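Numbering (full-length UniProt numbering), first residue to last: 1 to 121.
Where a beta carbon is used, it is the ideal one built from N, C-alpha and C, also for glycine.
Since this is a predicted model, take the numbers as computed values, not measurements.
Worksheet: the structure to be examined is printed underneath.
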């Protein structure tokens, strides 16, 4: 089963997936009053899906990095709050991939598992 899809295309299944939901508050309408009570001006709620991938060969890693290179793209994933698959427009934070080893039999690099945060636009 394909766990994630980017722009409708299945990608390598991650070894870990974590879902997160965050409130975004107005900086001017949020704080504490003189009694110490919290008041908030929530602007919106955004989701983040953090994933970790297993080691991948050159072609697999290249394909994944190309898929996440646009400024914004569509991510389909299992959403625990909705209880079903959901598609949202996301961007990714910085990308860093450590090299794991060189496979002499295949004549290509194997890249250590990469972690990515898919953040709702």
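Report the partner residues of residue i according to the DSSP bridge assignment.
| i | result |
| --- | --- |
| residue 31 | 39 |
| residue 75 | 6, 88 |
| residue 101 | 110 |
Between which two residues does the alpha helix (DSSP H) containing residue i stretch?
| i | result |
| --- | --- |
| residue 60 | 58-67 |
So the beta strand (DSSP E) residue i belongs to, where does it begin and stop?
| i | result |
| --- | --- |
| residue 90 | 84-92 |
| residue 11 | Unbroken run through residue 11: none, as it is neither H nor E. |
According to DSSP, is residue i helix, strand or coil?
| i | result |
| --- | --- |
| residue 44 | strand |
| residue 22 | strand |
| residue 96 | coil |
| residue 118 | strand |
Does the region 98-106 come into contact with the region 81-90, if we say contact requires no fewer than three beta-carbon pairs (one atom in each stretch) closer than 8 angstroms? Contact between the region 98-106 and the region 81-90 is absent: fewer than three C-beta pairs spanning the two stretches fall below 8 angstroms.
Between the region 74-84 and the region 8-27, can you find at least three pairs of beta-carbon atoms closer than 8 angstroms? yes
Looking at C-beta atoms only, is the number of pairs between the region 44-63 and the region 108-116 that lie closer than 8 angstroms three or more? Yes, since at least three Cβ pairs between the region 44-63 and the region 108-116 fall closer than 8 angstroms, the two stretches touch.
Can at least three beta-carbon pairs, one atom from the region 112-119 and one from the region 42-49, be found at a separation below 8 angstroms? yes
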